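Read through the structure below, which is laid out as structure tokens, and then see the notes.
See below:
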């Protein structure tokens, strides 16, 4: 894959990437990766992050895995409020034992469409705080060739693209079998005694696999889904939906902490 020549118009709007540029040995010769102990500040406002199908299992241990929009894009739900990530802090820190989606880990590299030549090319987010001429790991060596680090990042992007295509095939299969349905995540308010107080509140609407439709599939079709690995991913998605309660609890705890901090600040004044 060509990575160091000038490219035509880049298309696509990609989450987290503000200034994508085709990777170029002339323009980016002096750029280097900035080493940070907490490198994920760019994702602190990522409420829902794209997933590939092979990530459903590990992601399900932490977040609800849902499908969104007409294309049924798989997403890891990392927060309930807009521009809020309950697992990644503004300082770039990550809670212990939290799975970080590959979509985040590939940053600041990405593959983008070159409309003039109908191909994918490697780009970087030129505005990223992880890239600087004062960084520690160069993108290019003295001969203008991609360093081992850059080659690894390009391979990661290539592998991600392969997984994305596998995910497209998985979604197409679920659509063909008509397994999707509109679902709601709800929260039941409680009073001080723990008893239900008022009507359940809807916190999200999303697409998910219908267990009823899944159970109505023929034994032959279920065996086919089992053999091609799709059934395991479907069950990982279904199990992940238990994670809505975790998100609700974390959101409520954050609100209480914010209110407590605000009250303390008011008392000081």
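Residue numbers (this note's numbering): 174 to 442.
Where is the CB? At the ideal position from N, CA and C, for every residue including glycine.
Every value quoted in this text rests on a predicted model; they were computed, and no experiment measured them.
Each residue's CA atom was taken as its position, placing residue 439 and residue 433 some 10 Å apart.
Closest by C-alpha distance to residue 189, out of 414, 315 and 277, is 277. The beta carbon of residue 346 sits closer than 7 Å to those of 403, all from its chain and outside the five residues before and after it, given in chain order. Excluding residues up to 5 positions away in sequence, 211 and 214 lie with their Cβ nearer than 7 Å to the Cβ of residue 264 in the same chain. Separation of the CB atoms of residue 279 and residue 329 is rounded to 5 Å, and the pair is thereby assigned contact status at 8 Å. DSSP places residue 375 in the strand class (E or B) of the three-state scheme. Residue environment: residue 235 is assigned as buried (16 or more neighbouring CB atoms within 10 Å of its CB, all protein chains considered). Restricting attention to alpha helix (DSSP H) runs no shorter than 4 residues, the region 237–309 encloses them at 275–278, ordered along the chain.
In this model, residue 242 and residue 193 are separated by some 25 Å (Cα to Cα). According to the DSSP secondary-structure assignment, residue 381 is paired through a beta bridge with 354. For residue 231, the enclosing alpha helix (DSSP H) stretches over residues 229–233.
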